[in-house]
Amino acid sequence: MWLRPQPQGQPQSWHDWFEDWRLWFDQVKTNLWFGRGGLNVKRYYIWKDAQAAVHSDVWKDPRGYYFLNIMTVLPECQGRGIGRRLVTAVTDQADVEGMPCYLEASKDVPNIPIYERFGFEFVKKLDCDHDGEKCTLYCMVREPRSTQKDNSETNAA
Ligand SMILES: CC(C)(COP(=O)(O)OP(=O)(O)OC[C@H]1O[C@@H](n2cnc3c(N)ncnc32)[C@H](O)[C@@H]1OP(=O)(O)O)[C@@H](O)C(=O)NCCC(=O)NCCS
Numbered sequence: 001m002w003l004r005p006q007p008q009g010q011p012q013s014w015h016d017w018f019e020d021w022r023l024w025f026d027q028v029k030t031n032l033w034f035g036r037g038g039l040n041v042k043r044y045y046i047w048k049d050a051q052a053a054v055h056s057d058v059w060k061d062p063r064g065y066y067f068l069n070i071m072t073v074l075p076e077c078q079g080r081g082i083g084r085r086l087v088t089a090v091t092d093q094a095d096v097e098g099m100p101c102y103l104e105a106s107k108d109v110p111n112i113p114i115y116e117r118f119g120f121e122f123v124k125k126l127d128c129d130h131d132g133e134k135c136t137l138y139c140m141v142r143e144p145r146s147t148q149k150d151n152s153e154t155n156a157a
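Under the UniProt record's numbering, the sequence shown has 80 at position 80, and the numbering climbs by one with no breaks.
This is the structure we're talking about:
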């Protein structure tokens, strides 16, 4: 799931506001139907606080970033180019617009090398700490291709 860029200092559009609440209600519906699945609300807020700190440090572009919020391919379907298609559907558009993209990988290996194939570069770790239990996410930024210093990205699409 990609999120659209949110320019700094601009209020959220009605469309994005509506989508945020739709996502919230869908999540509540899922939790009621399937159970919370171990969701720990305190940890959610620890993550959101750590994320806000990293974004203020890493998000330099005032126009905002296309944010690859969640991406999962069924295990039996991985390695067949589906992830590439889900990513390039937006990164191609970002290149046309000259916009940067951003993501938080849940694992360093193999996810960082996979996202590097799409032109993302690791920029910072996002550490969450809940009473000593730690979790690390790996923040990556992709500059638009026209302004990329390193044009070594392999595009097999
Ligand atoms: C990460 C994920 C979404 C990638 O989707 P996918 O459909 O398997 O990816 P693709 O088949 O399109 O491969 C993407 C690129 O990564 C490369 N790649 C795949 N596995 C790799 C690995 N283990 N190491 C390095 N590169 C790898 C592929 O060669 C391909 O590059 P290319 O197109 O330039 O040849 C998928 O593996 C996944 O759902 N993983 C589990 C859930 C997860 O970790 N989600 C992300 C949370 S941050």
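In this text, a Cβ means the ideal position worked out from N, Cα and C, and glycines have one as well.
Do residue i and residue j have their C-beta atoms within less than 8 Å of each other?
i	j	result
Trp2	Tyr66	yes
Pro5	Arg84	no
Val123	Val58	yes
His90	Phe120	Looking at the sequence provided, one finds Val at residue 90 rather than His. Cβ atoms of Val90 and Phe120: not closer than 8 Å.
residue 163	Ile112	Limits of the chain in this structure are 1 at one end and 157 at the other, which puts residue 163 out of reach.
Gly98	Ser56	no
Gly95	Pro144	Per the sequence presented here, residue 95 reads as Asp, with Gly not at that position. Yes. Within cutoff.
Val87	Leu74	no
Asp61	Pro100	yes
Between which two residues does the alpha helix (DSSP H) harbouring residue i extend?
i	result
Glu116	111-116
Arg142	Segment 133-142 is the beta strand (DSSP E) holding Arg142; no alpha helix (DSSP H) there.
Val73	Element bounds for Val73: n/a, residue is neither H nor E.
Arg80	It is not in any alpha helix (DSSP H) - Arg80 carries neither H nor E in the DSSP assignment.
Ser56	41-58
Lys29	14-34
What residue range is occupied by the uninterrupted beta strand (DSSP E) comprising residue i?
i	result
Lys125	121-130
Have a look at the DSSP bridge pairing and note the partners of residue i.
i	result
Tyr66	Cys101
Val2	Per the sequence shown, the amino acid found at residue 2 is Trp instead of Val. Paired residue(s): Leu68.
Check whether the segment 122-138 touches the segment 41-50, counting contact only when three or more Cβ pairs, one atom from each stretch, lie closer than 8 Å. yes
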